[in-house]
Structure formats: structure tokens, C-alpha cells
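Those letters in the sequence shown? Residues 534 to 903, per the numbering used here, in order. Here's the structure, in C-alpha cells; my notes come after.
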Amino acid sequence: MSTVGERVRVELDARSYDILIGEGLLETAGVAIQAVRPVRRAFVVSDTTVAAAHLPRLESGLKKAGIASETFLQAPGEGTKDFRHLGVLLDRILERRPERGDILVALGGGVVGDMTGVAAALLLRGVDFVQCPTTLLAQVDSSVGGKTGVNTRHGKNLIGAFHQPRLVLCDLAALATLPQRELMAGYAEVVKYGLIDEPEFFAWCEANAAPMLAGDMAARAHAVAVSCRAKARIVAADERENGVRALLNLGHTFGHALEAETGFGPELLHGEAVAIGMRMAFDLSVRLGLCPSADAIRVRRHFDAVGLPAGLPGQRRWRAEDLVAHMHHDKKVRDGKVTFILARGIGRSFVATGIDIGRVQEMLADEAAA
Ligand code: NAD
Ligand code: GLY
Numbered sequence: 534m535s536t537v538g539e540r541v542r543v544e545l546d547a548r549s550y551d552i553l554i555g556e557g558l559l560e561t562a563g564v565a566i567q568a569v570r571p572v573r574r575a576f577v578v579s580d581t582t583v584a585a586a587h588l589p590r591l592e593s594g595l596k597k598a599g600i601a602s603e604t605f606l607q608a609p610g611e612g613t614k615d616f617r618h619l620g621v622l623l624d625r626i627l628e629r630r631p632e633r634g635d636i637l638v639a640l641g642g643g644v645v646g647d648m649t650g651v652a653a654a655l656l657l658r659g660v661d662f663v664q665c666p667t668t669l670l671a672q673v674d675s676s677v678g679g680k681t682g683v684n685t686r687h688g689k690n691l692i693g694a695f696h697q698p699r700l701v702l703c704d705l706a707a708l709a710t711l712p713q714r715e716l717m718a719g720y721a722e723v724v725k726y727g728l729i730d731e732p733e734f735f736a737w738c739e740a741n742a743a744p745m746l747a748g749d750m751a752a753r754a755h756a757v758a759v760s761c762r763a764k765a766r767i768v769a770a771d772e773r774e775n776g777v778r779a780l781l782n783l784g785h786t787f788g789h790a791l792e793a794e795t796g797f798g799p800e801l802l803h804g805e806a807v808a809i810g811m812r813m814a815f816d817l818s819v820r821l822g823l824c825p826s827a828d829a830i831r832v833r834r835h836f837d838a839v840g841l842p843a844g845l846p847g848q849r850r851w852r853a854e855d856l857v858a859h860m861h862h863d864k865k866v867r868d869g870k871v872t873f874i875l876a877r878g879i880g881r882s883f884v885a886t887g888i889d890i891g892r893v894q895e896m897l898a899d900e901a902a903a
């Protein structure tokens with residue numbers, strides 16, 4: 534049974550699209566795609582783990598609506614999100630003589646989604662693509678907003694394009710097979726929307742995170758819908774990140790430094806790093822006299838209650854100067870200055886430039902020693 538619980542519109546003039554949120558949406562994917570525009574052939578990109586659990590539902594959903602499909606599988610994990618694998622994927626699709634009317638479909642987490650998006654942006658100078666996100670992180674963040682990309686040896690996501698999908702299908706049923714740790718990492722991006730500018734949603738998270746994470750479908754539907762509405766609103770206001778979209782990077786300046794420190798590998802997942810980074814952003818805001826300490830304590834309490842990490846795995850300590858050095862390599866550095874998203878309180882985040890990096894290093898050193 535397929536149920537669309539919610540439809541969220543991303544308003545971008547001619548590039549506007551819907552995000553459908555509900556259970557069993559892969560089974561009716563073909564009908565949903567044909568409602569956007571007629572399609573005869575789809576190239577599905579997925580990873581082997583996701584495909585084993587969910588590809589048959591998508592294939593049958595496409596077939597029922599008269600869409601022929603071919604699938605291209607990659608190994609799971611960040612290691613495939615690079616130029617070499619992108620080239621192989623494009624080459625394999627080109628062997629099938631694609632036409633502009635064909636579409637690409639991403640079935641998977643953020644890795645598959647980012648990679649499929651950049652492939653769609655480049656293939657035949659741009660073809661349409663559909664996101665079928667299967668991790669919580671991808672449903673609430675990476676599948677929406679059109680940022681696509683691959684990693685290089687110089688850093689993450691440094692090559693890519695803004696290329697919006699034509700449709701996003703958030704099938705909540707897909708989350709049933711997601712490992713708990715991945716679910717938690719995605720939850721960090723959910724709670725982020727409350728911390729940015731929706732304090733009432735943060736309060737909802739405090740009250741409802743436990744049942745949501747345990748599998749309560751109504752709570753999951755609500756969390757994904759609120760998150761997608763928030764992201765859609767921010768992307769519609771600032772598609773290319775010249776302003777308000779930067780708020781989506783709350784926790785990311787610290788988080789990316791921690792990910793760089795742990796090699797962007799499975800030791801620390803992106804969402805886990807962002808969770809630690811959001812604690813740090815609130816702590817720094819308190820230190821700089823910008824935010825009441827009660828709000829930072831509330832953030833900490835909630836993260837501890839749900840089990841989001843407070844530090845590196847295995848009691849490992851960071852060196853403050855190493856994290857600061859990583860920050861200077863961030864994409865968001867402007868004229869050598871690191872940009873931070875700080876907060877005047879829960880739901881009152883803002884872009885902060887010109888922060889004294891010495892104060893940041895001091896805080897990181899204190900937290901490492903604590
Ligand atoms: P991922 O795509 O690597 O998926 C995590 C793991 O979960 C993989 O091993 C995958 O095989 C498995 N998996 C996925 N769905 C599953 C399911 N339903 N059941 C069982 N296993 C499943 O990781 P992710 O956290 O989804 O995405 C991280 C990526 O997203 C990073 O590359 C990051 O840069 C990118 N990202 C992009 C944006 C954006 O705006 N484009 C935003 C945030 C993150
Ligand atoms: N995940 C950050 C953004 O989409 O802008």
C-alpha cells in the first residue's frame with residue numbers, strides 16, 4: 534500500500550518541484566514520475582546494500598507505469614563518490630545511448646544522491662533526475678536543494694553543480710532497514726532545523742525524538758515533513774547560498790574539521806560530526822556572550838538523552854590547533870576568515886563572520902581537556 538502523507542513544494546520558478554513524503558512511495562514511483570512529465574526510460578543508480586533491500590519495489594513501481602529501467606550499482610560508502618566512479622557511471626550509461634527525455638533515478642543515501650545528481654547535470658549537458666532518498670539524512674537534507682557533487686583529494690564536494698531534481702520521493706518504509714547509527718546521524722540534521730529558526734520544532738524534538746527514533750511512523754512523517762518544509766523554504770529564498778542558505782551549515786564548520794580529523798570515514802559519520810559541531814556552535818556562542826547558557830545546556834541535554842555523540846569515538850581527543858587548521862581549508866572561508874553559524878538562542882541562528890579564531894581555539898582546547 535502506498536500513502537502520500539504530505540506534499541512539500543520547493544518553489545524555484547521553472548525549476549520548482551514536489552517532495553512527496555509517505556509510506557510505500559517506491560511502489561508507485563512510476564505514476565508519480567509520469568505525473569511530472571512523460572518518461573519512457575529510467576537509469577537507476579543505487580548501492581548494493583540499498584538495492585538488496587529496496588530495488589525490487591522501485592523497479593516494479595516504474596514498470597507498472599510503463600517506464601523501462603536499467604540499474605547501475607556501486608559499492609556502498611563515501612569511497613565511490615569521486616571522479617573515477619563518476620566517469621565509470623557516465624560511461625556505462627552512455628553505452629545505453631541515452632536520450633534527453635530519459636531520466637536518472639537515485640535510490641540511496643546522500644552518496645548515491647550526490648553522485649547521481651552530478652551525473653544528471655553532466656550527461657548530455659543536463660538531464661532530469663529524481664531523488665528516492667533511503668537514509669534519514671538524505672530524506673531531510675541531501676535530496677532537497679540541488680547541491681550535487683563528488684569528492685576530490687583536495688576535499689569533499691569540491692566538484693559539482695547546482696542541479697535540482699524534478700521530484701523527491703521520501704518513502705518512509707525505506708527507513709525500516711536503516712542501521713540505528715545511520716538513523717541517529719540523520720536525526721542530527723532533523724534537530725538542526727529546530728535550532729536554526731524553529732524553536733517550537735526543537736521542543737517537539739525534545740518531546741518526540743524517542744518514539745520517532747524507535748519507529749513511530751506518524752512521528753517520522755512529521756519530522757521528515759517539517760524538515761523538508763524548512764529546507765524548501767530556505768532553498769527557495771537562496772538557492773545558490775549567497776545568504777540565508779548558509780544557516781543550513783549550523784554545526785558544519787566544526788563538524789567538517791572533525792570529519793577531516795577522522796579521515797571522512799566510518800569512524801565518525803557526517804551527521805555525528807554535525808551533532809558535535811552544533812554543541813560547539815552553542816558553546817562558542819555562550820563564550821562570546823551571544824547566547825544564554827541555559828540554551829546551550831538544553832541542546833546538550835537533548836543530544837545526550839537521544840545518544841548523539843559529544844566527542845570523537847573511543848575517548849580520542851582532538852588537538853585544538855589541528856581542528857582550526859582544518860577549518861581554514863573549508864569551502865566557506867572568505868578572505869582567509871572562517872565563517873561560523875552561531876546562535877543567540879535556540880531557533881535564533883545567524884551567520885557570524887570576523888570571529889576571533891583565537892577564542893575558538895581556546896574553547897576547543899578547553900573542551901578537549903575537559
Ligand atoms: P550514505 O549514502 O553513505 O548511506 C549510509 C549507509 O547506509 C550506506 O552504507 C548505505 O548503503 C546504507 N543505506 C542507505 N539507505 C539504507 C536503507 N534504507 N537501509 C539500509 N541501509 C541503507 O550516507 P548518507 O548519510 O545518506 O549521506 C552522506 C552523504 O551525503 C555525504 O557524501 C555528504 O557529503 C552528502 N550530503 C549532501 C548534502 C547535499 O545537500 N547534497 C547534504 C548533506 C550531506
Ligand atoms: N546541506 C546544506 C545545503 O543543502 O545547503
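For each residue, glycine too, the CB sits at the ideal point set by N, CA and C. In this text the structure is predicted, and so the values were computed from the model without any measurement.
Take the Cβ of residue i as the centre, count every other Cβ of all protein chains shown within 10 Å, and call the residue buried at 16 or more, exposed below.
i	result
Arg699	buried
Gly719	buried
Pro571	exposed
Lys870	exposed
Asp889	exposed
Gly804	buried
Asn775	exposed
His859	buried
Leu691	exposed
Gly798	exposed
Ala752	buried
Thr786	buried
His789	buried
Ile554	buried
Leu716	buried
Thr886	exposed
Glu592	buried
Arg867	exposed
Gln664	buried
Ile907	In this structure the chain extends from 534 to 903, so residue 907 is not present and cannot be described.
Arg778	buried
Ala608	exposed
Ser532	Nothing in the structure corresponds to residue 532, since the chain is present only between 534 and 903.
Here's a check: name, in chain order, each residue in its chain whose Cβ is nearer than 7 angstroms to the Cβ of residue i, leaving out the five neighbours to either side.
i	result
Leu606	Ser579, Asp580, Thr581 and Ala584
Gly678	Lys764 and Val768
Thr649	Val578, Leu637, Ala639 and Phe662
Arg850	Ala901
Thr681	Asp647, Gly650, Val651, Ala654, Gly693, Ala694 and His696
Ala793	His859
Asp855	Glu794
For residue i versus residue j, is the C-beta spacing smaller than 8 angstroms?
i	j	result
Lys865	Met811	no
Ala758	Glu539	yes
Leu558	Val537	yes
Leu711	Met750	no
Ile817	Leu875	It is worth fixing the name first, because residue 817 is Leu in this sequence and not Ile. Contact flag set, yes.
Val621	Leu637	no
Ala843	Ile809	yes
Leu897	Ala853	yes
Glu722	Val673	yes
Val857	Val819	no
His835	Glu739	yes
Asp615	Asn684	yes
Gly642	Pro666	yes
Thr604	Leu588	yes
Ala565	Leu708	no
Leu821	Ala806	no
Leu595	Ala547	no
Leu783	Ala742	no
Could you pull out every residue in the same chain whose Cβ sits closer than 6 angstroms to the Cβ of residue i, ignoring the five residues on either side in sequence?
i	result
Val541	Ile552, Cys761, Arg762 and Ala765
Ala601	Arg574
Thr795	Leu801
Leu657	Arg633
Pro744	Ala752
Just to confirm my understanding: we take residue i, look at its own chain, exclude 5 residues before and 5 after, and list those with CB closer than 8 angstroms. What are they?
i	result
Arg773	Phe695
Leu913	Nothing can be reported for residue 913, as the shown portion of the chain is limited to 534 through 903.
Asp635	Val572, Arg573, Arg574, Ala575, Phe576 and Val660
Arg877	Ser818, Leu823, Cys824 and Phe883
Asp837	Ala843
Gly840	Met717
Gln567	Ala598, Gly599 and Ile600
Val644	Asp580, Pro609, Gly610, Glu611, Thr613 and Lys614
Cβ-heavy atom distance between residue i and the ligand MG below 7 angstroms?
i	result
Glu733	Of the ligands one can find in the structure shown, namely the ligand NAD and the ligand GLY, none is the ligand MG.
Ordered list of alpha helix (DSSP H) runs contained in the stretch 554-620, each at least 4 residues
Within the stretch 554-620, the complete alpha helix (DSSP H) segments of 4 residues or longer fall at 562-569 and 581-597, listed in chain order.
Mind listing, in chain order, the continuous beta strand (DSSP E) runs of no fewer than 3 residues lying wholly within the stretch 740-808?
None, since the stretch 740-808 contains no complete beta strand (DSSP E) of that length.
Considering only residues of the stretch 851-877, which uninterrupted alpha helix (DSSP H) runs meet the minimum length of 4 residues and lie entirely inside it, listed in chain order?
List check, alpha helix (DSSP H) in window: 853-860.
Report the residue ranges of all beta strand (DSSP E) runs contained in full by the stretch 674-751; include only those spanning at least 3 residues, in chain order.
Fully enclosed beta strand (DSSP E) runs of 3 or longer: 680-685, 688-695 and 700-704.
Could I get the ranges of all uninterrupted beta strand (DSSP E) runs contained in the stretch 623-655, with 3 residues as the minimum, in chain order?
Scanning the stretch 623-655 for uninterrupted beta strand (DSSP E) segments of 3 residues or longer gives 636-641, listed from N- to C-terminal end.
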